[in-house]
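Participant: If you're matching positions, the sequence shown starts at 1 in UniProt numbering and goes up one per residue.
Note that the Cβ used here is the ideal one computed from N, Cα and C, for glycine as well.
Got a structure for you, written out below as structure tokens; questions coming shortly.
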Amino acid sequence: MTDYVSTTPGLYPLPDWAKDDLSDRKGHQKHDLISGDEGEEITAAYETAREEVIGVQQDAGLDRIVEGQLRWDDMLAHPLAVHDAVETRGIVRYYDNNNFYREPVVQDDLGFSGDVASELEAAAELTDDDLQAVLPGPYSLADLATDEHYGDEAAFLGAIADFLEGEVDAFPDVETLFLLEPSLVENAPGDGEDERASEAIDQIATATDADVVVQPYWGALSEKVYAHLLDADIDAVGFDFVANQDDNLYNIQEYGATDDVALGLADGQNTLVEDPEAIRDRTEWVEGQLGVTEFETVYLTTNTETFYLPYGKFEEKLAALAEAADLAEVKAA
């Protein structure tokens, strides 16, 4: 019988009180963004906010708890933006939306950082529930960054993969790892590069005993990119059924799928809160369209990160996902 697991790709909005408090403490300029050496007052505010968003997930009944990535001022670029070997420069657009991040320019060898591991350790102290780690996928992180050290795209992607593998090695025990890969859709790799992207993902996936989910979004993967991704030793591919239903269905029907699957059925950027029964019905419809052997695990999630949402709507989305998974479990039984 299929196991339905409610979760999210992380990168949560700050609670309203924390947004106001941190705005006063951090300032409003580029140099005021998180750099990894924030002072005690700022650290304390983030710690309190982390505790709150973990409590929100527990109250909602989510099956996987994420740390929340509240410190990630630079969104997916964060692990590089706080790295000692990286200089952050001007503000650049975060994909095709109205958010911006500091351009991370790699200027030296990307040694171990431990920033994300320390966040996860702090989260692990706050909950006994199943913990889920969140990282940018290697291709997307390389795509968001600028290389002034390695000198070659393949070498740079390899260095990013080595860096992320080292970070994963330092993680506390986690049940699931989501690798977020929007660049696989937004700036799809070409011939040769698509295979290297899959190999980089495979390298990170084999560094952990956790179930690894690769979550592209803002559309569907091209056929070749999807086919290569299936070669990686991952447990699930995520599908953004909010942005593109037909092409995602086609990929699964044409090329098959992993034993597990992540279905992005709730909109991480739209304030309209989906009805839990509607999410359950969409899940059933997708499964019916595929005509494949039933999945071992179906992760029900938002299609994208949720930091775009007002905090109240974000809370409602979590509750809707958790209830939808419960409804799906009941129907499957």
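Between which two residues does the alpha helix (DSSP H) holding Arg64 run?
Facilitator: Position 64 of the sequence shown, counting from 1, holds the residue named residue 64. First-last for Arg64: undefined, no H or E at that position.
Participant: DSSP puts Ile91 in a beta bridge; with which residues?
Facilitator: Mapped onto the sequence shown, residue 91 falls at position 91. According to DSSP, which records beta bridges pairwise, Ile91 is partnered with Arg102.
Participant: Between the segment 117 to 131 and the segment 166 to 173, do three or more beta carbon pairs fall short of 8 Å?
Facilitator: Yes, they touch.
Participant: Could you tell me which whole alpha helix (DSSP H) segments of length 4 or greater appear in the segment 148 to 186?
Facilitator: Listed in chain order, the complete alpha helix (DSSP H) runs (minimum 4 residues) inside the segment 148 to 186 are 153 to 169 and 183 to 186.
Participant: Does DSSP put Ser35 in a helix, a strand or coil?
Facilitator: Translated into positions along the sequence shown, residue 35 becomes position 35. Ser35 falls in the coil class under three-state DSSP.
Participant: Output needed for Asn303: all residues of its chain with C-beta closer than 6 Å, excluding positions within five of it in sequence on either side, in chain order.
Facilitator: Position 303 of the sequence shown, counted from the first residue, corresponds to residue 303. Cβ neighbours of Asn303 beyond the five flanking positions: Tyr217, Asp240, Val242, Gly264 and Gly268.
Participant: Exposed or buried, which one is Leu318 when buried takes at least 16 other CB atoms within 10 Å?
Facilitator: What you label residue 318 is simply residue 318 of the sequence shown in a count that begins at 1. Counting Cβ neighbours within 10 Å, Leu318 comes out buried, since at least 16 surround it.
Participant: Do Ala236 and Asp211 count as a contact pair if the criterion is CB distance below 9 Å?
Facilitator: Residue 211 sits at position 211 when you count from the first residue of the sequence shown. Residue 236 sits at position 236 when you count from the first residue of the sequence shown. Cβ atoms of Asp211 and Ala236: closer than 9 Å.
Participant: Can you look up Gln215 in the DSSP assignment and give me helix, strand or coil?
Facilitator: Position 215 of the sequence shown holds residue 215. In the structure shown, Gln215 sits in a strand (DSSP, three-state: E or B).
Participant: Between which two residues does the beta strand (DSSP E) containing Thr302 stretch?
Facilitator: Numbered from 1 along the sequence shown, position 302 holds the residue referred to as residue 302. Per DSSP, Thr302 belongs to the beta strand (DSSP E) from Thr297 to Thr302.
Participant: With the cut-off set at 9 Å, would you say Phe66 and Gln107 are in Cβ contact?
Facilitator: Stepping through the sequence shown from its first residue, residue 66 is reached at position 66. Stepping through the sequence shown from its first residue, residue 107 is reached at position 107. Before going further, note that residue 66 is Val rather than Phe in the sequence given. Result no, Cβ atoms of Val66 and Gln107 do not sit closer than 9 Å.
Participant: Spatial neighbours of Val273 within its chain, please: CB distance less than 7 Å, with the 5 preceding and 5 following residues excluded, ordered by chain position.
Facilitator: Translated into positions along the sequence shown, residue 273 becomes position 273. Contacts found: Lys313, Glu316, Lys317 and Ala320.
Participant: I need the boundaries of the alpha helix (DSSP H) containing residue 335, first residue and last residue.
Facilitator: Within the shown structure, residues of the chain are numbered from 1 to 333, placing residue 335 beyond reach of any answer.
Participant: What three-state label does DSSP hand Thr7 in the structure shown?
Facilitator: Reading the sequence shown from its first residue, position 7 is the one you call residue 7. In this structure, Thr7 counts as coil in the three-state DSSP scheme.
Participant: Between which two residues does the alpha helix (DSSP H) containing Gly288 stretch?
Facilitator: As a working note, residue 288 is residue 288 in the sequence shown. From DSSP, the alpha helix (DSSP H) with Gly288 extends over Pro276 to Leu290.
Participant: For the alpha helix (DSSP H) holding Asp84, just list the boundary residues, first then last.
Facilitator: Indexing the sequence shown from 1 puts residue 84 at position 84. Here Asp84 belongs to no alpha helix (DSSP H), and DSSP marks it neither H nor E.
Participant: May I have the straight-line CA-CA distance separating Asp59 from Asn244, to the nearest angstrom?
Facilitator: As a position in the sequence shown, residue 59 is number 59, starting the count at 1. As a position in the sequence shown, residue 244 is number 244, starting the count at 1. Each residue's alpha carbon lies about 31 Å from the other.
Participant: Take the Cβ of Pro310 as the centre, count every other Cβ of all protein chains shown within 10 Å, and call the residue buried at 16 or more, exposed below.
Facilitator: In the sequence shown, counting from the first residue as 1, residue 310 sits at position 310. Label assigned to Pro310: exposed.
Participant: Give me the Cα-Cα distance between Val185 and Glu153, rounded to the nearest whole angstrom.
Facilitator: The count along the sequence shown starts at 1 and reaches residue 185 at position 185. The count along the sequence shown starts at 1 and reaches residue 153 at position 153. Cα to Cα, Val185 sits roughly 18 Å from Glu153.
Participant: Please return the same chain residues whose Cβ sits closer than 7 Å to the Cβ of Glu87, not counting the five positions on each side in sequence.
Facilitator: Counted from its first residue, the sequence shown places residue 87 at position 87. Closer than 7 Å at the Cβ level, and outside the excluded window around Glu87, lie Val105 and Gln107.
Participant: Tell whether a beta-carbon distance below 9 Å holds between Leu11 and Thr306.
Facilitator: Residue 11 sits at position 11 when you count from the first residue of the sequence shown. Residue 306 sits at position 306 when you count from the first residue of the sequence shown. Yes, they are a contact pair.
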